[in-house]
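Going by our numbering, the sequence shown opens with residue 3, and the numbers climb by one from there.
Have a look at the structure below, then the notes.
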Amino acid sequence: MHILIISDSYPPEIRSASDLMYECAQELQRRGHRVSVMTCWPRYNLEKSAENIGVKEFAIEEGVEVVRVKTLRHHKVNYIYRGIAELLMPVLFKRKAKKYGLMQPDVVLVYSPPLALTLLGADYARRGIKFILNVQDIFPQNAIDLGVLNNTMAISFYRAIERAVYRSASIITTHSVGNQHFLQNAFPDYRHKIVDLPNWIDLVHYQAKGASNFRERYGIATDKRVVLFAGVLGPSQNLDWLLELATNLENENLLFLIVGDGSDKLCLQQKASDLSNVMFQDFVGRGDYPDLLAASDLGIVSLSEKNKTPVVPGKLLGYMAAKMPVFAVLNRESDAHGLIEEAKCGVSVAADQSALIAEKFTELLHKEMQWDEMGMAGYEYASSHFSKEKSVSLLEQLMECSNES
């Protein structure tokens, strides 16, 4: 099959969507499919060493055709500008699809968000091409919950796009059963085509290579226990609770290492300016990320209590693949609570239970002798439930089924 993957991010950008689509493209290509990727020009979440690397509009990268499209900026801008930028994406992407002969694939797989980009998938569907929609964050619901989207006309507009795209899709995949049920309840007419497709993780990639000594690079003493949060720093994450922990535990032999960027980074840095046990660093590239995890002792996962959808943060799977125990503070609705409990890979607390956060974290610190056991339990769970080969096989079956229907 000729499979076209459409996503707003792809390496060298650093984010879970980028890794997910890269691993998917590589595995499908390895299985003998012709794989093309259309993505935005890399501008965000870049490792410093990658910022000045030449990027081409079209390139063959490890056997995959990659087309990069210059769009308006859609991160680190105000929400009105971002909305306009995202609405223009399907138009700009379609122009490049025509230019590079990508108008007649057998199957198109579109990653959401951004929701507006999925309109391109609907356009392919209108011409008889099978359209698989991979829903990660449920937009606009998550933006409504966070208070980012509160204009009734804008909400109605995005709801109309959501309905139109869901109607057009041959198959809609979600990354957990909770998300599947959420969408099935919200869109009962389409429940028959909403399926659970767990996100995957390349377990081999996450074994540390030892090429980058991050403790030495960052000047971290070898006897320090490193508590790591790596990822986007925005309103959806709400890391204020982590700084409160750092304040209360400043005399402990702990370092809270926050690696990433986002709209909340400057504010968090200002709040932590007097804390000697908090360190901020820039994004780390995909190749070095496993070594960063290996240099850390405990992985942090965080979602604001304002989130009301069952989303499972992608970084959780990375921690599990790296055999790291986790401490998670998440909205009650997140499916990650059940996942962590079932995998026995750490501790999770509801984000609205502020009094319990410090208590549960302290309990976990006192169980340090069990951290290796928790990390291994997480790895084994990821191996049996989230392996790249298993999930991509299911996706491939959905594509073939979709293509025959």
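Just so you know, even glycine gets a beta-carbon here, dropped at the ideal spot from N, CA and C.
Where the alpha helix (DSSP H) through V167 begins and ends
Numbered from its first residue, the sequence shown carries residue 167 at position 165. Start and end: T154 to S170.
May I ask you to report which of helix, strand or coil DSSP gives D191?
Here residue 191 corresponds to residue number 189 of the sequence shown, with the count starting at 1. Correct three-state label for D191: helix.
Can you look up G340 in the DSSP assignment and give me helix, strand or coil?
In the sequence shown, residue 340 corresponds to position 338, counting from 1. If DSSP states are grouped into helix, strand and coil, G340 belongs with the helices.
Keeping to the same chain, check which residues put their C-beta closer than 8 Å to that of L148; ignore five residues upstream and five downstream.
Taking the sequence shown and counting its residues from 1, one reaches residue 148 at position 146. Same-chain partners within the cutoff: P237, S238, S306, K308 and N309.
Buried or exposed, going by whether 16 or more other CB atoms sit within 10 Å of the CB of K325?
In the sequence shown, the residue the question calls residue 325 occupies position 323. By the neighbour-count rule (16 or more Cβ atoms within 10 Å), K325 is buried.
Buried or exposed, going by whether 16 or more other CB atoms sit within 10 Å of the CB of S158?
In the sequence shown, residue 158 corresponds to position 156, counting from 1. With fewer than 16 Cβ atoms within 10 Å of its Cβ, S158 is classed as exposed.
State the beta-bridge partners of A61 as determined by DSSP.
For this step, residue 61 is matched to residue 59 along the sequence shown. Bridge partners of A61: V68.
Is the separation between the beta-carbon of L294 and that of G262 shorter than 8 Å?
The residue you call residue 294 lines up with position 292 of the sequence shown. The residue you call residue 262 lines up with position 260 of the sequence shown. No, they are not a contact pair.
Please determine, among H4, A124 and E88, the residue with the shortest C-alpha to C-alpha distance to G65.
Here the question's residue 65 lines up with position 63 in the sequence shown. Comparing Cα positions, the closest option is H4.
Reference F282, options H76, V351, G212 and G221, closest by Cα
By one-based count along the sequence shown, residue 282 stands at place 280. The candidate whose alpha carbon is nearest that of F282 is G221.
Output the distance between the C-alpha atoms of R219 and I163, rounded to the nearest integer angstrom.
Stepping through the sequence shown from its first residue, residue 219 is reached at position 217. Stepping through the sequence shown from its first residue, residue 163 is reached at position 161. The alpha-carbon atoms of R219 and I163 are separated by roughly 47 Å.
Check for me: the alpha helix (DSSP H) holding R36 runs from which residue to which?
Taking the sequence shown and counting its residues from 1, one reaches residue 36 at position 34. Element bounds for R36: not the alpha helix (DSSP H) but the beta strand (DSSP E), R36 to C42.
Do S18 and G316 have their beta-carbon atoms positioned less than 8 Å apart in this structure?
Here residue 316 refers to the residue found at position 314 of the sequence shown. Here residue 18 refers to the residue found at position 16 of the sequence shown. Yes, these two residues count as a Cβ contact at 8 Å.
In three-state terms, what does DSSP make of Q271?
As a position in the sequence shown, residue 271 is number 269, starting the count at 1. Three-state result, Q271: helix.
Looking only at its own chain, which residues have a Cβ that is under 6 Å from the Cβ of K392, when we skip the five neighbours before and after it?
Reading the sequence shown from its first residue, position 390 is the one you call residue 392. None.
If we ignore side chains and look at the alpha-carbon of each, how far apart do A87 and L199 end up?
Translated into positions along the sequence shown, residue 87 becomes position 85. Translated into positions along the sequence shown, residue 199 becomes position 197. Taking the straight line from one Cα to the other gives about 29 Å.
Ignore the nearest five residues each way along the sequence and tell me which others in R165's own chain have a CB closer than 8 Å to its CB.
As a first step, residue 165 must be located in the sequence shown, where it is residue number 163. If we look at R165 and ignore the five residues flanking it on each side, its Cβ neighbours are F189.
My output table needs one value for S238: the three-state DSSP class, helix, strand or coil.
Residue mapping note: residue 238 aligns to position 236 of the sequence shown, counting from 1. S238: coil per DSSP, three-state reduction.
H387, DSSP secondary structure in three states
Within the sequence shown, numbered from 1, the residue matching residue 387 stands at position 385. DSSP places H387 in helix when its eight states are reduced to three.
Where does N289 sit, in a helix, a strand or coil, going by DSSP?
On the sequence shown, residue 289 is found 287 positions in, with the first residue counted as 1. This sequence places Gly at residue 289; Asn is not what is there. If DSSP states are grouped into helix, strand and coil, G289 belongs with coil.
Is it buried or exposed, C269, if we count other Cβ atoms within 10 angstroms and call 16 or more buried?
As a first step, residue 269 is located in the sequence shown; it is residue number 267 there, counting from the start. Classification of C269: exposed, given that the 10 Å Cβ count is below 16.
By Cβ distance, which residues of its chain are closer than 7 Å to P13, with the 5 residues on each side in sequence left out?
Looking up residue 13 in the sequence shown gives position 11. Correct list, in chain order: S20, Y24 and R288.
Along the beta strand (DSSP E) that carries D263, what are the first and last residues, could you check?
In the sequence shown, residue 263 corresponds to position 261, counting from 1. Looking at the DSSP string, the run of the beta strand (DSSP E) that includes D263 is L256 to D263.
Below 6 Å CB to CB, which residues in the same chain sit around Q31 once its five sequence neighbours on both sides are set aside?
If you number the sequence shown from 1, residue 31 lands on position 29. Closer than 6 Å at Cβ, skipping near neighbours: V37, G65 and V66.
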